[in-house]
Amino acid sequence: MWPESSEQQQPLRTGLTTGTCATACCVAAAHLLLGQASNTRVSVTLPATRKGQEHKIVELDIFNLEHADQLAHAATIKDAGDDPDVTHGATVWVNLGLTTQTGIQFRAGPGVGTVTRAGLMLDIGEPAINPVPRQMIHTNLQALAQQYDYAGGFEVQIGINNGEQLALKTMNGRLGILGGLSVLGTSGIVRPFSCSAWIASIHQGLDVALANGCDHVAAATGNASEAYVQQRYQLQEMQLIEMGDFAGAVLKHLKKSPIAKLSVCAGFGKLTKLANGHMDLHSSRSSIDFDQLASLAAKLGASHQLQTQIRQANTALQALQLCQADHIDLVSAVCQAALQQAQAVAPANVAIEVIAVDRQGQWLGQAA
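The numbering of the sequence shown is the working numbering, which starts it at 922 and goes up by one.
So this is what it looks like as structure tokens:
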């Protein structure tokens, strides 16, 4: 039996990014190397996300503290809060070394990927440790170097246990990040269900496609739609964007990465939402406007009876089937309305087409 839901729901718990975890390990290892202090709980200064904002400080538990010569090891468990993060519960660890050369050298340990394609924020061959985590580590280590009057540099190797297997559940392979996960984070904090990692992967996918000379990409909402558009145009993996429900993330980022042609391929229900101006197509954040569908059908000659039936429909599929039975091409009208909404957001120099497919990945209609 499901538990009774309380009248006052508890707020969702925030978590910490992989970058914050790696920074905490660096801090603990630096205390051990520079001050011979075995701290099993350390403080990390997070980046300010807005100008004038104070830097937030968080604390993390550390384990497996080890020290040998000029090298220290520290680990922590990632807590992503209530976010369904693939790395929640993973062990993030760091080997920190002291160097005579100033600055910080980053290395990918087991479970952390390596960049193999242009278009990402890092050079080819670099460990997939994103710029903000790098800066977090630099800021926190620099503060400790001043505290301990240390003038040398650091070598930072970051690893994630089981990271290579966990990476198979992410878009890293498609982005050209091979061998493991990325060390991510922009604020240091994981906001539950913000889907920031997914949206970042969408942006990176567009950046990679543009940097590698792709003039056509396809953004699909699911497996069936992606399979259809990939086969239709014989697209390479690099040209496929796992859009999911985040149409706005794709369309808005085209201003930064203007690909010549974008194919948006989705199920009919999702496209009815885009046709109504929704940029987030998830059922919890947008709904199907049956009045709009009835209005579109009316422009195609639908009877008053059919319009009433559409307004009373339970699903977009039911509305579609009602129109099909009356030979009303609702699919094309929805695709055209969705296209107009997409064109209003994306830059004018991007040619957009919208394709509707059914749940089996069969073509229903399109507009361009």
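A virtual CB, placed ideally from N, CA and C, is assigned to each residue, including glycine.
The three-state reading of DSSP puts Ile1058 in helix, counting H, G and I together. Straight across, the Cα-Cα distance linking Gln1086 with Leu1214 is about 44 Å. For Cys1186, the secondary structure class from DSSP, reduced to helix, strand or coil, is strand.
One alpha carbon belongs to Leu1241, the other to Val1252, and they sit about 7 Å apart. Judged by pairs of C-beta atoms under 8 Å, the segment 1175 to 1184 touches the segment 1261 to 1273, as three or more such pairs exist.
In the DSSP assignment, Phe1167 falls outside any alpha helix (DSSP H) and carries neither an H nor an E. Taking the C-beta atoms as reference points, Cys1244 is found no nearer than 8 Å to Val1077. Taking C-alpha positions only, Lys977 is separated from Arg934 by approximately 17 Å. Asn1016 is bridged by DSSP to His994 and Gln1078. Counting only runs of 4+ residues, the alpha helix (DSSP H) found wholly inside the segment 1189 to 1240 occupies 1189 to 1196, 1211 to 1220 and 1225 to 1232, in chain order. Taking a contact to require three or more Cβ pairs closer than 8 Å, the segment 954 to 967 and the segment 1059 to 1073 qualify as touching. In this chain, the beta strand (DSSP E) harbouring Val1278 covers Ala1272 to Val1278. A check of alpha carbon separations from Ala1132 across Pro1113, Leu1041, Asp990 and Asp1003 identifies Leu1041 as the nearest.
Contact annotation, Gln1151 with Ala1139: C-beta distance approximately 7 Å; criterion of less than 8 Å satisfied.
Residue range Ser1117 to Ala1132 is occupied by the alpha helix (DSSP H) that includes Asp1128.
In terms of CA proximity to His1009, Cys942 leads the group Ser1122, Glu1047, Cys942 and Ala949. Under DSSP, Val963 forms a beta bridge with Leu981.
The beta-carbon distance between Val963 and Leu981, rounded to whole angstroms, is 6 Å. This is short enough to meet the 8 Å contact definition.
In chain order, Arg1232 place their CB closer than 7 Å to the CB of Asp1212, counting only its own chain and leaving out the 5 sequence neighbours on each side. If you compare the alpha carbons of Gly1094, Ala1145, Gly1074 and Asn1083 with that of Asp1279, the shortest gap goes to Ala1145. The DSSP-derived three-state label of Glu1047 is coil.
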